[in-house]
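All residue numbers for the sequence shown refer to our numbering, where the first residue is 1116 and numbers rise by one. Read the structure below first, then the notes.
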Amino acid sequence: MTSRITLRHLALALTLLVASAPCLRAQADSGAARRVFNLTNQDRQQQGLPPLVWNDTLAAAAQAHAQWMIREPALSHQYSGEPDLMTRAARAGAHFRAIAENIAIGPTADSLNNQWMHSTPHRTNILDPKMNALGVAIIRRGPDLYAVEDFSQANEALNRSEVEERVRALLREQGVDASSPAAPAETACASSQGMPQGARSIVRFQTPDLSQLPGQVVQVIHSRDFRKAAVGACAPSASQSAFTTYRVAIVFY
C-alpha cells in the first residue's frame, strides 16, 4: 500500500486484508530494511534518478507504524488511535516539504520491492524525483516481513536568523538593500495586520522553499521603486506546523 501527503493533497491506496497471527514472535529485521533501502536506490539509479539518503527520523516513524501493523488484521496507513503519517514523521523529528509511504507484507526484502515496483502508486513513490530521503522499517513475524518505507522531500530546519539571511540574500539579487534592522519586521511577522512606522509596504508570507522569493514579493518589488527593506522571521502558523515551513515579513521603505 502507498500513501502520499504533500501540502496540497493526501492519497491513500486500497486496504489489503491479511491473516492475523498474534501468537508468533515479532522482531525488527534491520538487515532486511537495509536491503529494501538498497534495492530502492537501485531502482532509482536505473531510471537516472539520484539516490535517496537514509534518514533515521523517517526510519523511527516507519518503525512505529510497523508496530501497529503487526497487531492489526488489515494493512492500513493509519489505525484507530494512531497519528497520521505526517504527524508521526514530525514527532519523530523529520523536517519535510512532502512525505509519502509504502507498506506491504512479503516473505523477503526482494519480494517486497518487487511488489512495490509492479504497483503504479508504490512505484511512483520510489521513483519520485522530488523525494530525497528514506527511512525503512521491517518487522519479521514468522515467515512474514511487515515493511514500511517512509519517503520525504527533506527540508532544512533553519533558525530565525538563518531564515532572515536567506531572504536578505534573495532581496539583494533583486537590487534591494535588506540591511535595515530586523526588529520591526519580526514584530510585523508575528502579527497578521499593521505596518511599522515609516514603512511604504509590507508583505507577509509562509513558504517551505527559501530558494526563491514568492511571486507576490517580486511583484511588490517591481510595482514601486523600493531600495531598502527589513526582513523578519517568526514561528509559522499552526495549520502547517506538521511541515517545515518558514514565516517571513518583509517591510519595504
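C-beta atoms are modelled at their ideal positions from N, C-alpha and C, and glycine is treated no differently. Only a predicted model underlies this, so the values are computations on that prediction, with no experimental measurement involved.
Original post:
Just how far apart, CA to CA, sit D1324 and T1360?
Top reply: Residue 1324 sits at position 209 when you count from the first residue of the sequence shown. Residue 1360 sits at position 245 when you count from the first residue of the sequence shown. Going from the Cα of D1324 to the Cα of T1360 covers about 8 Å.
Subject >> For G1309 and A1303, the rounded distance between their alpha carbons >> reply: For the purposes of this step, residue 1303 is taken as the residue at position 188 of the sequence shown. For the purposes of this step, residue 1309 is taken as the residue at position 194 of the sequence shown. Straight-line Cα distance between these residues: approximately 7 Å.
**OP:** Using a threshold of 7 Å, state whether the C-beta atoms of A1204 and F1266 are closer than that.
**Re:** Locating residue 1204 in the sequence shown gives position 89, where the first residue counts as 1. Locating residue 1266 in the sequence shown gives position 151, where the first residue counts as 1. No.
Original post:
Touching or not, the stretch 1155-1169 and the stretch 1243-1262, by the rule of three or more beta carbon pairs under 8 Å?
Top reply: yes
**OP:** Provide the residue span of the alpha helix (DSSP H) that contains F1211, from first to last.
**Re:** As a first step, residue 1211 is located in the sequence shown; it is residue number 96 there, counting from the start. Counting along the chain, F1211 falls outside any alpha helix (DSSP H), though it belongs to the beta strand (DSSP E) covering F1211 to G1221.
Original post:
From this set, H1233, L1200 and A1143, which residue's C-alpha is nearest T1155's C-alpha?
Top reply: For this step, residue 1155 is matched to residue 40 along the sequence shown. It is H1233.
**OP:** Indicate the three-state DSSP secondary structure (helix, strand or coil) for V1333 in the structure shown.
**Re:** For the purposes of this step, residue 1333 is taken as the residue at position 218 of the sequence shown. In this structure, V1333 counts as helix in the three-state DSSP scheme.
Original post:
Are I1220 and V1263 close, meaning C-beta to C-beta below 7 Å?
Top reply: As a working note, residue 1220 is residue 105 in the sequence shown. As a working note, residue 1263 is residue 148 in the sequence shown. No; because the gap between Cβ atoms is not below 7 Å, this pair is not in contact.
Original post:
From T1202 to S1307, what distance separates their C-alpha atoms?
Top reply: Position 87 of the sequence shown holds residue 1202. Position 192 of the sequence shown holds residue 1307. Their backbone Cα atoms lie some 26 Å apart in a straight line.
**OP:** State buried or exposed for N1240, treating a residue as buried only when at least 16 other CB atoms are found within 10 Å of its CB.
**Re:** Start at 1 with the first residue of the sequence shown, and residue 1240 comes out as number 125. Counting Cβ neighbours within 10 Å, N1240 comes out buried, since at least 16 surround it.
Original post:
Which of the three DSSP states, helix, strand or coil, is assigned to L1173?
Top reply: As a working note, residue 1173 is residue 58 in the sequence shown. If DSSP states are grouped into helix, strand and coil, L1173 belongs with the helices.
Original post:
Can you name the residues that DSSP bridges to A1141?
Top reply: Within the sequence shown, numbered from 1, the residue matching residue 1141 stands at position 26. Answer by DSSP bridge pairing, in chain order: R1256.
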